[in-house]
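Residue numbering for the sequence shown follows my numbering, beginning at 179 and increasing consecutively.
The beta-carbon is built from N, C-alpha and C at its ideal position, and this holds for glycine as well.
Worksheet: one structure, shown below.
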Amino acid sequence: MTEEYYLHSRPVKPKPLIDAVIGLSNSPQRLGSSEVAEIIDMSEPYAKAALRLAKELNMVVEQDGQFEVVKGLEEEARKMSPDQGFVLINRYAQRYNPFMTFLSFIHKEYEPDRAAQTVKTVYDMDTSVDVIRKQFSYLGKAADLLDDSDGLSLTIEVDSVPTSYVEDLQTALQSEAKARLYIVEKLGDRVVAYADDESIEKFQEALLTYRESPDNAIVNAVVGAENITRELAVDEGDKTTDYSNANGIGSLANMMRGDGLILKRQLHGANYLGAMRIPGAHGKESETLETWQVEPEVSLEVILSALSYTRSLYFCIKEDRQVL
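Structural data, given as C-alpha cells:
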C-alpha cells in the first residue's frame, strides 16, 4: 500500500524546525501551536507549519492538536543545542522518501524545479513545485547533503552504476544517507514511493552491516524484499487467496505464480533468496547440522539480488514490464 506524503504550503527553515523539536523535548507535557510559536519566536501560522513538517518527518506526534516528540528522540533532543540540530535533520530527512528521491534526481543532474516536479508526480503530493523545491533545499543544506554555491548539487558521492561489488560500494556504505540514496537509485523512484519505510530501512541496514554481520544482513535484505512482495500480492493478487498463509518469500512467490501474478524466472529468484536466508537466519544446515560461515562478499551479492528482484517484481506486477 502506497504511503501518503504531505508538504504544506509554507516552507519552513531549519532553525525554527529544530527549535520547535528541542522545545517540545524539554516540555513535561504536550504543547499546542500557540505555545510552540512562543518557543520559536515566530507567528502561530509559522509554528503550525513547523509542527506539520516535524510531524511529516516523524519527529513529533500529534494528539488532539497537541504535540510531543516521538519516543527515542526526546532524550537526545533535550541534550542538544540548536547549533547541533543538523544531526537530527540529517537523520530524519534521509528517512523521508520524497526527500531522498529529490536528492536522487539532483544527483542525476536534474534541474531543481524538474526534480521537485518529478517528486510531486511520483508521490502525488498536493503542494506546489516551488514549495517542494524550497523545503527540500532547506533540509538538504541544513543536513549538509546539498550545496548551492554553484547551482544545487550533492555534497556526497554515490556510484549509480557499480562495476565491482565491494570497491564501488565502499563509499556508499560510509553513511546512512549514502546507503539510502544508493537504494533509491537501485530500486527506482516508483518502487520507493510504493514501498513502506520499514522495508526500505531493512535494505539500508543490510548495506550498512554486511561487512560486520553478513548473516544478519542477508536476513534484513530478504525480509525487505519479502515485505514488498507481500504488499504487491495483497494489493494486486487474487482476493480469494490468503497470502498470510505463505511461510517465507519462496512460498509466497509460489502462491503468486499460481495466481498468474509473476513469471517463472521471478519465482526462481524468490526461491534463491529464501534459500540464502536460511544460512543467515538459522546458521546450521539441516543435512549436516554444521553452521554456515557467511562471507561478506556473498552477503552483498544476496543484498543486490534482493534489490534487483524487488524492482523486477514491482514492474512486472504494476506495469506489466519485464525488467531485470
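Determine the extent of the beta strand (DSSP E) in which residue i is found, giving its start and end residues.
| i | result |
| --- | --- |
| V239 | 238-241 |
| E404 | Careful: E404 lies outside any beta strand (DSSP E), inside the alpha helix (DSSP H) at 392-414. |
Less than 8 Å between the C-beta atoms of residue i and residue j, yes or no?
| i | j | result |
| --- | --- | --- |
| L491 | L410 | yes |
| M258 | I334 | no |
| L430 | R455 | no |
| A225 | I218 | yes |
| V309 | P189 | yes |
| T279 | V265 | no |
| S282 | E363 | yes |
| V300 | A395 | no |
| I267 | A321 | yes |
| Y487 | L445 | no |
Would you mind sorting residue i into buried or exposed? The rule is 16 or more other CB atoms within 10 Å of its CB.
| i | result |
| --- | --- |
| N275 | buried |
| Y360 | buried |
| S136 | Residue coverage of the chain in this structure runs from 179 to 502, which leaves residue 136 outside it and unanswerable. |
| P194 | buried |
| N398 | buried |
| Q313 | buried |
| K249 | exposed |
| E471 | Residue 471 is actually Gln in this sequence, not Glu. By the neighbour-count rule (16 or more Cβ atoms within 10 Å), Q471 is not buried but exposed. |
| V223 | Note that residue 223 is Pro in the sequence shown, not Val. Exposed, because fewer than 16 other Cβ atoms sit within 10 Å of the Cβ of P223. |
| D498 | exposed |
| V501 | exposed |
| R358 | buried |
Kindly indicate the opening and closing residues of the alpha helix (DSSP H) around residue i.
| i | result |
| --- | --- |
| T488 | 474-497 |
| I361 | 354-365 |
| S187 | Element bounds for S187: n/a, residue is neither H nor E. |
| S212 | 211-218 |
| D326 | Note, D326: premise wrong, no alpha helix (DSSP H); not H, not E. |
| S377 | 375-387 |
| L231 | 222-234 |
| Q313 | 307-320 |
| V199 | 192-203 |
Report the CB separation of residue i from residue j in whole angstroms; it is logged as a contact under 8 Å.
| i | j | result |
| --- | --- | --- |
| I202 | V247 | Contrary to the premise, residue 202 reads as Leu rather than Ile in this sequence. Yes, they are in contact, since the Cβ atoms of L202 and V247 sit about 5 Å apart, within 8 Å. |
| I495 | I427 | Incorrect: roughly 15 Å between the Cβ atoms, too far for contact. |
| E240 | Y184 | About 13 Å separates the two Cβ atoms, so there is no contact after all. |
| Y421 | S477 | With a Cβ gap of about 28 Å, Y421 and S477 do not count as contacting. |
| L332 | S315 | Not a contact, Cβ separation roughly 12 Å. |
So with Cβ pairs under 8 Å, would you call residue i a contact of chain B?
| i | result |
| --- | --- |
| V248 | The displayed structure is made up of one protein chain only, and chain B is not part of it. |
Sequence ranges, beta strand (DSSP E) only - wholly within the segment 236-304, length at least 3 | If we require 3 residues or more, the beta strand (DSSP E) runs fully inside the segment 236-304 come out as 238-241, 244-247.
At 4 residues or longer, and completely inside the segment 410-451: list those alpha helix (DSSP H) runs for me, N to C.
-> Counting only unbroken stretches of 4 or more residues, the alpha helix (DSSP H) elements lying wholly within the segment 410-451 are 427-436, in sequence order.
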